[in-house]
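This report refers to the structure that appears directly beneath it.
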Amino acid sequence: MPADPTPTGATASGATGPAGRTPARVALRDVPWEVGVAKPDPAIVVDGVTRTFGGLTAVSVDHLEIQRGGITGLIGPNGAGKTTLFNLLTGFDQPDGGSWSFDGRPLGKLAPHQVARLGVVRTFQLTKALSRLTVLQNMLLGAQGQKGESFLSALVPGIWRGQEKANTEKAMELLRRFKLDAKKDEFAGTLSGGQRKLLEMARALMSDPKVVMLDEPMAGVNPALTQSLLGHVKDLREEGMTVIFVEHDMDVVRDISDWVVVMAAGKVIAEGPPESISQNQAVVDAYLGAHHDAPLTVEEEDRVLAEAESEIAREEQRDTGRSDDSSEGTLR
Amino acid sequence: MGEFIDALAIAVKAGIGFQAVFLALLALGINMQFGYAGLLNFGQIAFALVGAYGIAVSVSQWGLNFWAGVAIGLAAAVALALLLGLPTLRLRADYLAIATIATAEGLRLLFRSVSATPVTNGSRGISGFNSGFVELAPWDTGRRYDILGVRWSGADLWVAAVGWTLVALGCLLVWALVRSPWGRVVKSIREDEDAVRALGKNVYVYKMQALVLGGVFGALGGMIYAVGTGSATPDQYQNANTFLAYAALILGGAARVLGPVVGAMLLYFIIQFADSGLRSLIETGVIPEGLLTTTDVAQIRFVLIGLGLILLLVFRPQGIFGDRREVMLDAR
Amino acid sequence: MTHPTDRVRRHGRRSRSASAGLPTPGSARRRRGQTALRLLLVALFTAGLAALTPGVAQAEGEQVSGTLRTSASGPIEGVEVVVATPDGDEVGTDETDGSGRFAVPVPGPGQYTVTVPEDALPDGVEFASGNTRTVTVDPGRNQGVIIGLDDGSRESGSGTVRWVQLLVDGLRFGLLIAMAAVGLSLIFGTTGLTNFAHGELVTIGAIAAWFINVEGGVPLIPAALLAMVIGAVVGFANERLLWRPLRRRGTGLVAALVISIGLSLLLRYAYQIFFGGRSEAYADYRGQRAVDYGPFNLTDKDLYSIIIALVVLVLVALMLQRTKIGKAMRAVADNRDLAASSGIDVNRVILVVWMMGGALAALGGVLLGLSDEVQWDMGFRLLLLMFAGVTLGGLGTAYGALVGSLVVGVFVQMSTLVIPNDIKYVGGLLLLIVILMVRPQGILGSRVRVG
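Chains as they are written, first to last, in my numbering: chain F, 4 to 335; chain U, 76 to 407; chain H, 211 to 661.
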């Protein structure tokens, strides 16, 4: 719960100090570095979840627990199935089999909006700022339980005015904290990439989430904003939220994670605190491929690159049967 | 010169006559669906068709009261919207487009078919159902009235007056809705429905509400047209009218409350002016017979509408009065 | 890949092109785009004027006309057709000529009833639904009237089995849909465009072949080949003058879709102006009698239509499977960015897809015109069935379009076993909606990608 919404961007990260002293870090100190290991206080438990696209297995996770109140980094090479796992956990994609739960509540059959209402909120790899709404409107959309969102009550402003005012105040506080308050009346589409990432995160916080899942929150963000974004992520932990995030930059992962989960080819291949990961042979192999001793030829590099890109494209288009505007935006 | 003024007067009459009301109501519905919610309903005329036949069949074939006919027509429109929305609103936008366009054509063929003749009277259509409505006029509907140099029959004037009242009420409803939190959710769905799902809103329900509301406006338009012409024949409800309404909407500016109304009036004015202007140019020999004949004029209108749609979307997608800023951000 | 930077860039570009409603100096791309559009308009109008000249010698004043013939009996000559006002006052009569035609001038616009005497038809030919039709004549129009005749070729006549007959008719119809739909599907796959103007490519083929054949006196086969060339040129023009510039501007999919609807309206009614509202047959292969093949009857032209369609579609499949350009097409349709990164010239591939799509649609139009006569809106009426086929097979895949179209064609024809003939298209459209409900990704589409 966001107990204290005071603007604490930089101070909170400073106060946390070295990564070793966060409560989650302490709780996870004695947990062995093994795949599928049980956590002292799991918020999310995943069991035997598989998802195949055509013949290709995108996700096949036997068992995975996410510690409550900690920051869990999810890393892996392109096409490892990280985004697909996110999609499955948040109801945006249906698995071929398996189950997962939040606070002991199975999420398997829930639609995305039902998952969100339970307090599991996500952001997207390709930022989904609502371009033709103002920044403030974007924020207000995040608030839960709005009376004015039902068709009939919408026609009677008296029913929702008060709530709208309270939400606006809350939104403005969050915007100040994310330093977006000056932009509140601008269309979200005019923001820079980094500002959109901030907006998306702030919007997610409007719903008072228990679990925040961030899909590559730093991708495409200019370095000046990265530190501030990192500070905000750490703040989430301070406020007692559970954070899961996908990231490629190992420095970022080392800096803020309490626990790191490594995926490759759909499977979890390693788990452990950040410092355990870089020495793990399975991780090194997964990132560099089996022939990492011999340098890749140009053709091989191209091939690997192309495969990776097609993987990403596949993930992005995972559910075009449902509407998916991000990959279908313009005439190609 | 006299011909020019005549053409102008006829065009003004068309711009405020019941045909313009018909178009304005169709466009009002499309504005709700396409302008605000981003739904591609390319079969709006089908809603007008069921609305018109709701009255025509109830009154002329089943001998019911006029207002019972109105209720049946509206109920039929709601049912049609639900039928169309249930399978397609979970899918990508083009599926609704294809389903609606197919339904519009299919329903017209069905209503004019031999097998439907006992109910719909086939391609001849139904007439003699509007007396219950025309009798309500506070003035003598048998008389003709001179207004601004154009002669109006009392009945036409009555239909237009009621029609514009309906349009005004419709605009008021749309205005109240789009400024409420409900409208915010709907506009957000237009921008990116996955983002809205991730924030705990049931996107499907909102889309369905927008589709139904837009369909009801379409049905009201069909009813006005039916009582205005005093008859309902399937071929009055060609799907070209849907595209005419799209042209009107884009001309006036999509996602603006008054956009469809202004667009419809202007479009009808332009069409009628071009029509009578062209006819008089041909009759007076300014355009030689070898180039065009008066019989071609009806077709030229559609050619011009098509051309106008293309040029508008290419060069001025925000419409005449639209906010250019918003359109620039349109990623769809 | 749509990365945020990319999006920003696109918006930047867009803001420049959208920054003024009127032409401004300083944006070369914009000027080029406008020039292209103007060229297109000029081309359309010149094409229009050229096509207009032979058409204006039509009769002035209103008349009612039509043709009495069936595939089995050929044209029916010497039948007295009576035209009367709705009150029963006779307006005029005409005896059908050698090609079964009649035309009766009427005094003015309004409603008229057209009656063919009950006993005037030759043996084996019956009225499909009554011997009277009521038509509304618009000012200055030559109003066509269709008297539905049944010659038994579609019924269980001499030894034919009705469902076999319908199956064969359906396959023929499905092949025609498929031929037109392959281009539609490939264009969708490669560019994301839902092209509502694709039906007009079908019509242009049929109309071009009609002018070359009937007005120009060229036999139908070379005329059809010329029509295919014209179809390819129109496809080329579509891509180069309209869609490629629009892609460069980053036009949204919905805007593009509405633009294609505008183009469809523009072309369709331009065709009606130039070609007229009547339906016309080609000069060759008229009045063929159906040949008895046991369980079904087929005219020679229908048989050859089937063979031509099959051969062409097999060639298309081979091309997609074997040739370099065909593989490139599938690659672009499958994943445009991947294809581009592996060195495929995507714009060239799209151009070829448009030209091929145009040529195939034109051929489909000619074959359709051969069996059902040429009309200004024939392509548009086919469009919905093409969509049904393409959706059924899985949007964007070429083979899906083939299979889906065949299923739609057969379904539409065979549905007349249970529903009346005049609402058989409704059945096809209903099928489309049911498919959307049950299997939105289509028969061949996988769950991963629909687009």
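Each residue gets a CB set at the ideal place from its N, CA and C atoms; glycine is no exception. Given the structure is predicted, the values throughout are model-derived calculations rather than measurements.
Chain U partners of residue 636/H, CB-CB under 7 Å? Position 426 of the third sequence, counted from the start, is the residue given in the question as residue 636/H. Ordered by position in chain U, the residues that pass the 7 Å Cβ test against residue 636/H are 181, 184, 185.
Are the Cβ atoms of residue 151/U and residue 294/U separated by less than 9 Å? Start at 1 with the first residue of the second sequence, and residue 151/U comes out as number 76. Start at 1 with the first residue of the second sequence, and residue 294/U comes out as number 219. Taking 9 Å as the cut-off, the Cβ atoms of residue 151/U and residue 294/U count as close.
If you follow the beta strand (DSSP E) that residue 237/F is in, where does it begin and where does it stop? Here residue 237/F corresponds to residue number 234 of the first sequence, with the count starting at 1. Run containing residue 237/F: none in the beta strand (DSSP E); it sits in the alpha helix (DSSP H), 226-241.
According to DSSP, is residue 340/F helix, strand or coil? The question about residue 340/F has no answer, for chain F in this structure spans 4 to 335.
Residue of 71/F, 252/F, 201/F minimising C-alpha distance to residue 81/F: Here residue 81/F corresponds to residue number 78 of the first sequence, with the count starting at 1. Checking every option, the nearest Cα to that of residue 81/F belongs to 252/F.
For a quick check, are the C-beta atoms of residue 321/U and residue 109/U less than 9 Å apart? Here residue 321/U is taken as the residue at index 246 of the second sequence, counted from 1. Here residue 109/U is taken as the residue at index 34 of the second sequence, counted from 1. In this structure, residue 109/U lies closer than 9 Å to residue 321/U by Cβ.
If you measure from the beta carbon of residue 393/U to each beta carbon in chain F, is any gap under 9 Å? On the second sequence, residue 393/U is found 318 positions in, with the first residue counted as 1. No, residue 393/U does not count as interfacial toward chain F.
Using a threshold of 9 Å, state whether the C-beta atoms of residue 123/F and residue 92/F are closer than that. Counting from 1 along the first sequence, the entry for residue 123/F is found at position 120. Counting from 1 along the first sequence, the entry for residue 92/F is found at position 89. The answer is yes: Cβ separation under 9 Å.
Spatial neighbours of residue 268/F in its chain, beta-carbon cut-off 7 Å, leaving aside the 5 residues before and after: On the first sequence, position 265 is the one that residue 268/F refers to. Taken in chain order, the residues that qualify are 83.
Entirely within the stretch 329-405 of chain U and at least 4 residues each: give me those alpha helix (DSSP H) ranges in chain order. Taken in chain order, the complete alpha helix (DSSP H) segments of 4 or more residues contained in the stretch 329-405 of chain U are 334-358, 372-390, 399-403.
Beta carbon of residue 89/F, beta carbon of residue 203/F: below 9 Å? Here residue 89/F refers to the residue found at position 86 of the first sequence. Here residue 203/F refers to the residue found at position 200 of the first sequence. No, the pair does not count as a contact, with Cβ atoms beyond the cut-off.
In whole angstroms, what separates the C-alpha of residue 243/H from that of residue 380/U? As a working mapping, residue 243/H is identified with position 33 in the third sequence. As a working mapping, residue 380/U is identified with position 305 in the second sequence. Residue placement at residue 243/H is poorly supported in this model, since its pLDDT is 40, which falls under 50; the coordinates are not used for a value here.
Taking any Cβ of chain F, which residues in the stretch 272-284 of chain U have a Cβ under 8 Å from it, in chain order? 272, 273, 274, 275, 276, 277, 278, 284
What residues in the stretch 189-201 of chain U bring their beta carbon closer than 7 Å to a beta carbon of chain H? Those would be 189, 190, 199, in chain order.
If the criterion is Cβ atoms closer than 9 Å, does the pair residue 85/U and residue 132/U meet it? Residue 85/U sits at position 10 when you count from the first residue of the second sequence. Residue 132/U sits at position 57 when you count from the first residue of the second sequence. In this structure, residue 85/U keeps its C-beta atom at 9 Å or more from the C-beta atom of residue 132/U.
Run through DSSP, which three-state label would residue 451/H get? The residue labelled residue 451/H in the question sits at position 241 within the third sequence. The answer is helix: DSSP assigns residue 451/H an H, G or I state.
Please identify the residue among 37/F, 179/F, 198/F, 140/F whose C-alpha is closest to the C-alpha of residue 222/F. Here residue 222/F refers to the residue found at position 219 when the first sequence is read from its first residue. When each option's Cα is compared against that of residue 222/F, the closest is 198/F.
Would residue 340/U and residue 99/U be called neighbours here (beta carbons separated by less than 9 Å)? Sequence index remark: in the second sequence, residue 340/U carries index 265 (1-based). Sequence index remark: in the second sequence, residue 99/U carries index 24 (1-based). Yes; because the gap between Cβ atoms is below 9 Å, this pair is in contact.
In terms of DSSP beta bridges, what is residue 70/F paired with? Taking the first sequence and counting its residues from 1, one reaches residue 70/F at position 67. BP columns for residue 70/F point to 45/F.
Residue 273/U: buried (16+ other C-beta within 10 angstroms of its C-beta) or exposed? Counting from one through the second sequence, the residue named residue 273/U turns up at place 198. So residue 273/U counts as buried.
Counting C-beta neighbours from all protein chains within 10 Å, is the total for residue 356/H 16 or more, i.e. buried, or is it exposed? Working through the third sequence from its first residue, we reach residue 356/H at position 146. Flag for residue 356/H reads exposed.
Out of 150/F, 159/F, 155/F, 107/F, which one is the CA nearest neighbour of residue 170/F? The residue given as residue 170/F occupies position 167 in the first sequence. Comparing Cα positions, the closest option is 150/F.
Can you pull the chain H neighbours of residue 177/U, defined as C-beta to C-beta under 8 Å? Walking along the second sequence from the start, residue 177/U turns up at place 102. The contacting residues are 594, 597, 598, 639, 642, 643.
Using DSSP with H/G/I as helix, E/B as strand and the rest coil, what is residue 156/F? For the purposes of this step, residue 156/F is taken as residue 153 along the first sequence, with counting starting at 1. Look at residue 156/F here: in three-state DSSP terms it is helix.
Between which two residues does the alpha helix (DSSP H) containing residue 565/H stretch? Locating residue 565/H in the third sequence gives position 355, counting from the first residue. Note, residue 565/H: alpha helix (DSSP H), 556-582.
Tell me whether the beta-carbon of residue 337/H lies closer than 9 Å to the beta-carbon of residue 345/H. Reading the third sequence from its first residue, position 127 is the one you call residue 337/H. Reading the third sequence from its first residue, position 135 is the one you call residue 345/H. Cβ distance not < 9 Å, so residue 337/H and residue 345/H don't count as in contact.
What would DSSP say about residue 97/F, mapped onto helix, strand or coil? Position 94 of the first sequence, counted from the first residue, corresponds to residue 97/F. Three-state result, residue 97/F: coil.
Mind checking which residues open and close the alpha helix (DSSP H) that includes residue 181/U? In the second sequence, counting from the first residue as 1, residue 181/U sits at position 106. Here the alpha helix (DSSP H) through residue 181/U covers 168-186.
Helix, strand or coil for residue 59/F per DSSP? Here the question's residue 59/F lines up with position 56 in the first sequence. Residue state, collapsed to three classes: strand.
Within 9 Å (strictly less), CB to CB, does residue 357/H reach chain U? Start at 1 with the first residue of the third sequence, and residue 357/H comes out as number 147. Output row for residue 357/H: interface = no.
Below 7 Å on C-beta distance, what does residue 210/F contact in chain U? Taking the first sequence and counting its residues from 1, one reaches residue 210/F at position 207. Here the neighbours are 274, 275.
Find out if the Cβ-Cβ distance for the pair residue 31/F, residue 258/F is shorter than 9 Å. Stepping through the first sequence from its first residue, residue 31/F is reached at position 28. Stepping through the first sequence from its first residue, residue 258/F is reached at position 255. Going by C-beta atoms, residue 31/F is not nearer than 9 Å to residue 258/F.
So, is the C-beta of residue 488/H closer than 9 Å to a C-beta in chain U? The count along the third sequence starts at 1 and reaches residue 488/H at position 278. It does not: the Cβ of residue 488/H has no partner Cβ on chain U nearer than 9 Å.
DSSP state of residue 275/H, grouped into three classes? Taking the first residue of the third sequence as position 1, residue 275/H is located at position 65. In the structure shown, residue 275/H adopts extended strand secondary structure according to DSSP, grouped into three states.
Identify whether residue 360/H lies in helix, strand or coil by the three-state DSSP scheme. On the third sequence, position 150 is the one that residue 360/H refers to. Residue state, collapsed to three classes: strand.
Pick helix, strand or coil for residue 230/H, following the three-state DSSP scheme. Here residue 230/H is taken as the residue at index 20 of the third sequence, counted from 1. Confidence in residue 230/H is poor, its pLDDT being 31 and thus under 50, which makes the residue's placement unreliable; the coordinate value appears in the next sentence. Correct three-state label for residue 230/H: coil.
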